[in-house]
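Structure, as structure tokens:
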Amino acid sequence: MTERPTFPMADHPTPGAPSPILSIRNLRVAFQGARGAWNEVVHGLSLTVAAGETVALVGESGSGKSVTSLALMRLLDPATSRITGQVTLDGAEVLSLSEAEMVARVRGRIAAMIFQEPMTSLHPIYTVGEQLIEALCCHRPMPRAEARRAAVALMERVRIPDAARRLDDYPHAFSGGMRQRVMIAMALASRPKLLIADEPTTALDVTVQGEILSLLKELQEDYGMAMLFITHDMGVVAEMADRTVVMLRGDVVEEGPTAQVFHAPRAPYTRALLASVPALGSMRGEPVPLRFPAIDPASGAATPGLPLARQPDLGTPLLEVRDLVNRFDVRGGLLRRKVARVHAVENVSFAIHPAETLALVGESGCGKSTTGRSIIRLAGGTSSGSVRLDATELFTLSPGRLRLQRREIQMIPQDPLASLNPRMTIGEALVEPFLEHRMGPAAEARAKAARLMDQVGLSPAMLERFPHEFSGGQRQRLCIARALMLDPRVIIADESVSALDVSVKAQVVNLLLDIQERTGIAFLFISHDIAVVERISHRIAVMYQGEIVEIGPRAAVMETPQHPYTRRLIEAVAVPDPARRHLRRTQPPSELMNPIRPLDFVPPERRYREAGPGHFVRED
Amino acid sequence: MLAVILSRLARMVVVMVGISVITFLIFFATPGADPAARIAGRNAAPETVTAVRHDFGLDRPIWVQYGVMMRKMFVTGDLTSFVNRGQKIVPTLTAAAPVTLSLVAGAAVLWMALGAATGIIAAAFKDRLPDKILMGVSMMAVAMPVFWVGEMVNLVTQSRLHDTWAFSWVPPLGYVPLSESPARWFLALIFPWITLSFLYIGLYGRMLRTGIIETYQEDYIRTARAKGLTARRVLLKHATRAAIIPVVIMFGMDFGVLVGGAAVLTEVVFGLNGVGRLTYQALKVLDLPMIMAAVLYASFFVVLANAVVDLLCILIDPRLRRK
Amino acid sequence: MTTDQPETGSMPPADAAGGALPPPAGPWRRALQGLASSRTAVLSGLGLVLIVLATVLAPVYAKHVAQTDPFRSGLSAKIMIDGKRSPVMERSTEGLGLGVTPIGPTWGPKYFLGADTQGRDVAARLLYGGQNSLVIAGAATLLCLVCAAVIGIVAGYAGGRVDTVLSNLIDMIWAFPVYLLAISLSIVMLGKTFEIGPIHISSSSLVVPIIIIGLVYVPYVARPVRGRVIAITNSDFVLAARGLGIRPSRILWRHILPNVATTLIVFAPMLMALNIVTESSLSFLSVGVQAPNASWGTILQDGQALLYSRPVVSMAPGIAIMVTVMLLNLFGDVLRDILDPKSVRGR
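Line by line, the protein sequences give chains A, B and C.
Numbering of the first sequence is given in numbering that gives the first Met the number 0, commencing with residue 0 and proceeding in unit increments.
Numbering of the second sequence is given in numbering that gives the first Met the number 0, commencing with residue 0 and proceeding in unit increments.
Numbering of the third sequence is given in numbering that gives the first Met the number 0, commencing with residue 0 and proceeding in unit increments.
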């Protein structure tokens, strides 16, 4: 990467410009543990943010980035935390101010904050109007009517439709994206000079994330705010930041202009991190799924990942799903009568071949997880249609037969910790299904468990341990091992890598590809992460409101998307490359619709046209 | 809305009928329960028992007995006691009701105010001296049987220190109707109020403190602090407001149960002839009509409190309001 | 801040088990370690053990220290105080001098806390009474937990109509004021002997108060247990077990029950404390423990007549109840903090 493209940041101040808004010197944060021992989690961080500048603080979980942001605002519990160093916010020495001075001068005035979880960050029992007015009035007392007008103006400014009417709604009546807009409006209430955004789009859907990011950029320019952007998502960093600071376990390992950090990373960790991030479009021209690069942690040097050596067996399908429908009744009123119906899955059909990976992508609530669970009849609600595994029709099996049949189709869950019984050792959890299906004696089960632990990269000695003693990535490996105990032919991976850190995610994806290559297992890979999907799937199905809108070979769907929703989805992804910034400004907010329908609703007949070989698109 | 209220009322009636049937069965149909033998007294001649049985209609089928009792209670209102013959049940009960209501209402004001104050102050000073003192006292309050507290209060105010300046104003045990003299009504009830509320102050204080501290872990408290609200406003308007919802629910239930007669121990210790004491005395002599009336009276308040609490929840927690 | 434990975000994964890892720690072992490292839990637990020991040693105290039979009235007994022989029932010095007042606390081995209306040694009775109070409260706690567990698990796991019927029944009993229910049951059960097959329960047996106190609080425990069962039944790990093809009976036994157990354990000390108070209240109203048995509640009732003349008879059992209940609650608070997942979150 010798070529150094120029980036449009000439009009931004350079680092070290006079009088930064925020300057942090040698910040150390420590927490007191249960036994009184102090555990330092940020070790001497220094950084500056100039007026109007956006600085990204990036790192994986446990890097101390969120702790840093809370320390800046002195929002950590003083009884159990210790902050030292120097933090200057627009001339105010934050660490030497009293709590009252923090309230009067800093919080919400010089610096405002927005958080990761819009669903829980607003008070559930006050209307959004009350909360906005409170934010306005606590710094500048004003008459009620004037405050209301100002609140409406703020809500309009963050493009909440129908602002005047929605002012008196409670947070639960808003979607996640809309709540995040309310949070932003609240942060803007007193025109802060610095906005600290702590993972503001992590909990949001891809398309909504794009809208929020472009809104933040737009507001930053209008208000002339500086922004400290805390995230783990390299795509978001590339899209937003002028400068980037990379953190690893409480230390800054690299700092510089974003373009430089991305294109000529100096620290091994940065190089390793960037190599692990799937970039949408990087699979152009690759015929088969590709492993993530193997990385040497010492140097950060990446050895390119090997392509998948085994080809899908495109003869007769292994799993065939036809006209799958799943509906939930919505009950209401005093007699708990059915009042509406959620059409979670509507006429979904697809087939998976041995050693093939079909990805099911879509945003939250599109029915992709319900589809996965309906296949193994664990979804609840009422299902209809047909699911055939080889010659066996799963939907007509008796409960007893179904239980035995479940051996063939296994699931890898999204949340591995919740999916492991906290009171069983890993050994017990692995051996249990093997013995339940009478696949052999206990000694054989234990031997197989030890072998599989080895295969998923864990020590067999850890079989005696309990789930809470493992890290998130390790737990996901355990769930994979547990599924493999039954020698399944199909694995449904439901957002199985979504919650993992970038580097751990890459390793688990590689593990899945190894398993496929070795055993010929077919995967139904359910995910909202299109960049990962592009990397590992043979075919892709895009779901929207319970229906498949487009399905076809990976290259066809990704490179020549036909359905407008597919295009919108792909466009919204932030790419970890500052040279490819592409978010449009001033996007109108879109609300994802819940597929809740009246009881007498008859789903429309759908027809699909063939856009290419095996590439079908719903005709709207 | 009307439909909701009607269904709620229907549910209340069903529960009360259920309770009356259970009570009736406990006293009339448990193995070995023979009300006639009880009324006739110990060592009564078998002929006497038979006569009593016929006299009180206890030889009729059980559902007929139930029906007759319900009719006398609700329709004709001339249900009379088995024990004090001629004593009408319904007027006796209505005469006892104001005593209990005075006792419980006054105590409720006291325990809500002091309980809330205890919880908020303890949470604000978490792990510091005021918290430790308040929680220590609350711990004691919860651990002491209410009748024992009453006895100790009486020991001090009626006996040991009664003749000193501190407690010479305390009237003798008993109730003075509000209509007779508001001032004496107040004086007579001060110590019963304190005694009854002591337990609940401890209970509610601890509950609210825990609730507030748990609420401080919520993301929306962090939001409130980040936007620059004062610590006091965050505590009172954001944390306490959210944490008080379960306390209000509990208050509704406790209030209903106490008005219904669960304050029996306090009433006995302070010689107040309220509903609880009436019920207790009826139970001791197995005065079946009185027991049935008292139990129905009690369950009415419990069921009513349930309904009011449900309504209150919708009022104070908008999350429950969505359709 | 992330709620999960900090993950080693860097490569390589910390998968390779290092040699210096602590031994595996199961949830039960961790809970025990938590209790052992809590000063409150250790001290309150120690206090409870002392109380239990003291009551167990009641016969020793009665025989060798007080040298009396606390169940026989000793109206004409005399004891030596300061070399003088005094009657246990002193001539009343108040009013007209009619009647007798039992001896007050001697603070010596005999009649340490004085005598009750029948001239019996209060201190010895306090220990014997404590035995009964603790046995009743403990057995009632066990009975209540078992009943509540069965009802809660059946309702929560079966769901559907079974759940509807059981839940409504629970609600209905809930609407019954506890004390009225307990008094009603006592009135019906006392004064009779029950012959259930070979089992003979006399009216003065401790079994009667145990059953009454054990049953009245069942709804209060069954309701949360049912909620917990429903939550666990819908949890990811039960869903995972179903997906793995585990038999329903095994799911109930191995996956649901052990996780409900914590809820029951958390309830135990608080329920025990509640039962001690309930026993004393019922005995105070003379519908609990019946003579000749003693309990803290019956001593309180005996003391009622002596409240103004010999308050110690009332004060001593009250303080005993208060201390025991406080220790149980302190212990229960720590236990709840350790076992209740809700309090784990956050820092």
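From the three backbone atoms N, C-alpha and C, an ideal C-beta is built for every residue, glycine too.
Sequence-distant residues of its chain with Cβ nearer than 6 Å to residue i (five each side left out)
i	result
A571 (chain A)	V205, T206, G209
V267 (chain B)	R276
V121 (chain C)	L112, G113, D115, V312
P575 (chain A)	M233, G234, A237, V276, A278
T87 (chain A)	S22
Whole-angstrom distance between residue j and residue i, CA atom to CA atom
i	j	result
A530 (chain A)	I183 (chain A)	28 Å
L483 (chain A)	G176 (chain A)	38 Å
T83 (chain A)	P459 (chain A)	43 Å
A300 (chain A)	V508 (chain A)	19 Å
V236 (chain B)	A123 (chain B)	Reading the sequence as shown, one finds Lys at residue 236 (chain B) and not Val. Their backbone Cα atoms lie some 13 Å apart in a straight line.
G129 (chain C)	I229 (chain C)	39 Å
V51 (chain B)	A35 (chain B)	6 Å
R406 (chain A)	L243 (chain C)	6 Å
Y174 (chain B)	V274 (chain B)	13 Å
R517 (chain A)	D599 (chain A)	49 Å
G141 (chain C)	V360 (chain A)	First, the amino acid is wrong: residue 141 (chain C) is Leu here, not Gly. Cα to Cα, the separation comes out at about 52 Å.
C143 (chain C)	C365 (chain A)	46 Å
A498 (chain A)	A107 (chain B)	49 Å
Close beta carbons around residue i, own chain, < 7 Å, minus the five adjacent residues each side
i	result
S37 (chain C)	V333
V287 (chain A)	P306, L307
G44 (chain C)	F330
L179 (chain C)	none
L100 (chain B)	V258
S204 (chain C)	none
V265 (chain C)	L334, R335, L338, D339
Status (buried if at least 16 other CB within 10 Å, exposed otherwise) for residue i
i	result
L234 (chain B)	buried
W168 (chain B)	exposed
G96 (chain C)	For G96 (chain C), the predicted model reports a pLDDT of 46, less than 50, meaning its position is unreliable and no value from the coordinates is stated.
T315 (chain A)	exposed
Proximity test, Cβ basis, 8 Å: residue i and chain B
i	result
S166 (chain C)	no
L299 (chain C)	yes
T395 (chain A)	no
Y307 (chain C)	yes
A343 (chain A)	no
I102 (chain A)	With the sequence shown as reference, residue 102 (chain A) is identified as Val, and Ile is not the correct amino acid for it. Chain B, which has a Cβ nearer than 8 Å to the Cβ of V102 (chain A), makes this yes.
G317 (chain C)	yes
Cutoff 8 Å: residue i Cβ touching any chain A Cβ
i	result
A225 (chain B)	yes
Y217 (chain B)	Per the sequence shown, residue 217 (chain B) should be read as Glu rather than Tyr. At least one chain A Cβ lies under 8 Å of E217 (chain B).
A241 (chain B)	yes
P317 (chain B)	yes
D235 (chain C)	yes
Cβ shell of residue i (< 8 Å), same chain only, five flanking positions each side left out
i	result
Q86 (chain B)	T79, S80
S275 (chain A)	F291, P292, I294, V501, S502, K504, A505
P176 (chain B)	P97, W184
S279 (chain C)	S132, G287, S294, W295, G296, L299, P316, I320
P5 (chain C)	Note on P5 (chain C): pLDDT 38, under 50, position unreliable in the model; the coordinate value appears next. Answer for P5 (chain C): no residue qualifies.
Proximity test, Cβ basis, 8 Å: residue i and chain C
i	result
A104 (chain B)	no
M112 (chain A)	no
S6 (chain B)	no
I25 (chain B)	yes
I82 (chain A)	no
message: Please give the ranges of any beta strand (DSSP E) in the region 176-252 of chain C, keeping only runs that are unbroken, at least 3 residues long and fully inside the region.
response: 193-195, 198-200
message: Which complete alpha helix (DSSP H) runs does the region 430-501 of chain A hold, if anything under 4 residues is left out?
response: 441-454, 471-483
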